[in-house]
Amino acid sequence: MDLTRNFTILNRPQTIAGIENTTYDLIIIGGGITGAGIALDAASRGLKTLLLEMQDFAAGTSSRSTKLIHGGLRYLKQLEVGLVREVGQERALLYSKAPHIVHPKKMLLPIIENGSLGVNATSFGLYMYDWLAGVEKDERRSMHTKAELLQMEPLLRDDLLLGGGLYYEYQTDDARLTIEVLKTANKFGATCFNYTEVTGFHYQTGSNKIAGVKVFDHIGKAAFSAYAKQVVNAAGPWVDIVRTKDEHVKGKRLHLTKGVHVVVPYERLPLQQATYFDTPTDNRMIFAIPRGNTTYIGTTDTTYTGNIANPQADAEDVEYILSAVNFMFPSVNLTIADVLSTWTGLRPLIHEDGKAPSALSRKDEIFYSHNGLISIAGGKLTGFRKMAERTVDAVMKELYKTEGRDIKNCITDSITLSGGHFIYPEDVETFIQELAAQYEAQGITVQQIEDLVYKYGSNTPQVLQFFEEQKKPGKKPKEKLLLAELRYCVQYEMVSNLSDFLIRRTGRLYFERPSIEKVMHLLLDELEKLLGLTKQQKLKCYSDFEKEYRFVVQFKETVGAGS
Ligand SMILES: Cc1cc2nc3c(=O)[nH]c(=O)nc-3n(C[C@H](O)[C@H](O)[C@H](O)COP(=O)(O)OP(=O)(O)OC[C@H]3O[C@@H](n4cnc5c(N)ncnc54)[C@H](O)[C@@H]3O)c2cc1C
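Each number in my numbering comes from the position in the sequence shown (counting from 1) with 93 added on.
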């Protein structure tokens, strides 16, 4: 294992230059959570691994989920017992391997008259859920009367309320989880690039067997080739597009469904805890989850056939979500003007004839092409490690068949993720207090330390070292800390532009949008220095982010509310 590797944009030209002269055991197409998990599994089994992502890492669905590592209560309703058990167990494992980005979160489940769940069914369902997921005693579900529920959450409507349950889900940051998995894969020797698009395949001479991929580097603006014994397509919603670059797709195919979330200021929906509640119109349930100074709410689930790279919330999606909130919490009366930002993701599900979007299975499935391409689709963020295990098992089997390679078993259940180096999950809190005491005199607050630790975990001291190294008289500690964070992300997290930093590495566009305008130029000037940007590159960096900044509230234009 090479611990000296940096996961950085700064040595990109040299590393890309070496690719064409290497034959990899495995090339992975796609740097969302599925591809990242496969890279970690493969590299930790000793396979020479290359991962290529055409946008930024996690820029597809893996930064656009509900951000829960969950046991999948709704899958129990669909009788997907095996799936509930597997993701429940994975949840416990992830909490122990990445406690800085996976936290237990109490979830309230109100039961209403004519809602989708009855009291007895909920009690039994939550009991089964705890049992299947192997939930610890102190996190098992409890059932409550209407009066108790109203005490826990005074904003709930009381006319239809019958009672409810309290259980645990785990909150995460999907994009940061993906980055931490990739950084760990990189430590095990995997080479991973963002902004490298696979545009086609190379085949062995005299056979149809895939021998490599054609790539376009969107940063270096050049085409190159990469060669491997096996190629895995982990392109999420793009899986079928990548499959068709290899062969005509027959049989099973993807069914994309769109899921929108909206973010409002916490004071406009000041929930005491996260809540999973009924929508009034279509027998679905949605989440409302407090995070920092905001509460986010979602999601929708509708069939999607539009542009995959830029799915967008429209006014109808947002109104559906707001009216569900106003139905369950009538006193808050949210309007479109309250929406700070939105994000929209596409679920890469496997199509089943005649099934509605919400009824489609969330199970993953592997497809094999005649030419050797292995494609993986479906699944959940929560189940990424097991999906990776199944995929790399398939790769290992092929390598055994073709070159007698020893089959090595998956070891990722024993690997601590980057940033997760704590003996017990509870140690994260002690770590925060210790760092806060250490940096108080330098003007850093406990809240700022907490924000850093819940992003970078045990890597936080490196960010703080960059803070200390700055010689910027006149800059406030808050600004110096932000610049230190940016430098960390450039040097250790492959950031090459504002959007990478403000969306996927820190989530600021979604959760702190109003504060961004004030710091945008500060960040841009620092990026210029760190990356040696030309004036033109700097301008492009600004205008690319500006588009994203507007995009997250663009739906307002169609209802005339402006942003
Ligand atoms: C609204 C919503 C809410 C969800 N909530 C949850 C949740 O709370 N918990 C949970 O466990 N799961 C949740 N999920 C499911 C979960 O988010 C997805 O299963 C998961 O993120 C899919 O990851 P992926 O890596 O397969 O796809 P993606 O993250 O989309 O990654 C695929 C990547 O492949 C890249 N790519 C495509 N084509 C090429 C090419 N030619 N060359 C190079 N790269 C390419 C894309 O740019 C993309 O980054 C949710 C999904 C949605 C949509």
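Cβ coordinates follow ideal geometry from the N, Cα and C atoms, glycine included.
N- and C-terminal bounds of the beta strand (DSSP E) containing residue i
i: Asp118; result: Thr116 to Ile122
i: Ala367; result: Ala367 to Asp371
i: Phe524; result: Unbroken run through Phe524 is the alpha helix (DSSP H), Asp520 to Tyr532; no beta strand (DSSP E).
i: Glu458; result: Asp457 to Tyr461
i: Tyr603; result: Not the beta strand (DSSP E): Tyr603 falls in the alpha helix (DSSP H), residues Arg601 to Phe604.
i: Lys199; result: Val195 to Ile205
i: Ala327; result: Segment: none, Ala327 is in no beta strand (DSSP E) and carries neither H nor E.
i: Ser468; result: Ile467 to Gly471
i: Thr435; result: Ser434 to Ile443
For residue i, the three-state DSSP class (helix, strand or coil)
i: Asn279; result: helix
i: Tyr413; result: helix
i: Gln405; result: coil
i: Gly111; result: helix
i: Gln264; result: strand
i: Met587; result: coil
i: Met147; result: coil
i: Gln629; result: helix
i: Leu140; result: coil
i: Leu290; result: Strictly speaking, residue 290 in this sequence is Glu, with Leu absent from that position. DSSP places Glu290 in strand when its eight states are reduced to three.
i: Ala321; result: strand
i: His614; result: helix
i: Arg377; result: coil
i: Lys89; result: There is simply no residue 89 to check, as the chain begins at 94 and stops at 656 in what is shown.
i: Asn301; result: coil
i: Phe309; result: strand
i: Ala152; result: coil
i: Ile500; result: coil
i: Thr428; result: coil
i: Ser636; result: helix
i: Ala129; result: helix
i: Pro554; result: helix
i: Lys351; result: strand
Whether residue i touches residue j by CB criterion (7 Å)
i: Met378; j: Thr127; result: no
i: Leu143; j: Ala406; result: no
i: Val325; j: Asp410; result: no
i: Leu474; j: Asp267; result: yes
i: Ala185; j: Val274; result: no
i: Ile194; j: Arg269; result: yes
i: Phe281; j: Ser189; result: no
i: Ile443; j: Gly465; result: no
i: Val539; j: Tyr549; result: no
Straight-line Cα distance separating residue j from residue i
i: Ser608; j: Val355; result: 17 Å
i: Gln182; j: Phe477; result: 12 Å
i: Ile272; j: Arg598; result: 8 Å
i: Trp436; j: Asp310; result: 27 Å
i: Ala408; j: Phe648; result: 5 Å
i: Glu650; j: His196; result: 36 Å
i: Asn400; j: Leu439; result: 10 Å
i: Ile537; j: Gln531; result: 9 Å
i: Trp331; j: Arg178; result: 28 Å
i: Leu96; j: Ala328; result: Below a pLDDT of 50, predicted positions are generally treated as unreliable, and Leu96, at 37, falls in that range; the measurement from the model is reported next regardless. Using only the alpha carbons, I get a separation of about 28 Å.
i: Met147; j: Asp637; result: 16 Å
i: Ala381; j: Asn114; result: 50 Å
i: Val646; j: Tyr397; result: 20 Å
i: Asp506; j: Leu187; result: 9 Å
i: Gln107; j: Lys569; result: 37 Å
i: Ala402; j: Asp149; result: 12 Å
i: Leu291; j: Glu340; result: Before going on, a small fix: residue 291 reads as Val here, not Leu. Spanning the two alpha carbons is a distance of roughly 15 Å.
i: Ile414; j: His237; result: 26 Å
The alpha helix (DSSP H) enclosing residue i, as first and last residue numbers
i: Asn213; result: Val212 to Ala226
i: Pro450; result: That residue, Pro450, is in no alpha helix (DSSP H); it is neither H nor E in DSSP.
i: Ile542; result: Val539 to Tyr549
i: Arg336; result: Val332 to Asp339
i: Gly181; result: Val174 to Lys190
i: Thr388; result: Per DSSP, Thr388 belongs to no alpha helix (DSSP H); it is in the beta strand (DSSP E), Thr387 to Gly391.
i: Ala240; result: Lys239 to Met245
i: Thr651; result: Phe648 to Val652
Chain B contact for residue i (CB, 7 Å cutoff)
i: Thr101; result: Of the protein chains in this structure there is only one, and it is not chain B.
Inter-stretch contact (C-beta, 8 Å, three-pair minimum) for the region 383-394 and the region 284-294 | The region 383-394 vs the region 284-294: no contact.
Is the region 227-247 touching the region 572-587, taking contact as three or more C-beta pairs under 8 Å?
-> no
Counting Cβ pairs, one atom from each stretch, are 3 or more of them under 8 Å apart for the region 558-569 and the region 114-121?
-> Output reads no: the region 114-121 does not touch the region 558-569.
With contact counted as at least three CB pairs below 8 Å, one residue from each stretch, are the region 613-632 and the region 589-596 in contact?
-> yes
Three CB pairs or more closer than 8 Å across the region 411-424 and the region 365-378 | yes
Please confirm if the region 501-517 is in contact with the region 147-157, defined as three or more CB-CB distances below 8 Å between the two stretches.
-> For the pair of segments examined, the region 501-517 was found not to touch the region 147-157: the number of CB pairs separated by less than 8 Å stays below three.
For the region 297-307 and the region 624-643, state whether three or more C-beta atom pairs, one from each stretch, are separated by less than 8 Å.
-> The way I'd put it, the region 297-307 doesn't touch the region 624-643; fewer than three beta-carbon pairs between them come closer than 8 Å.
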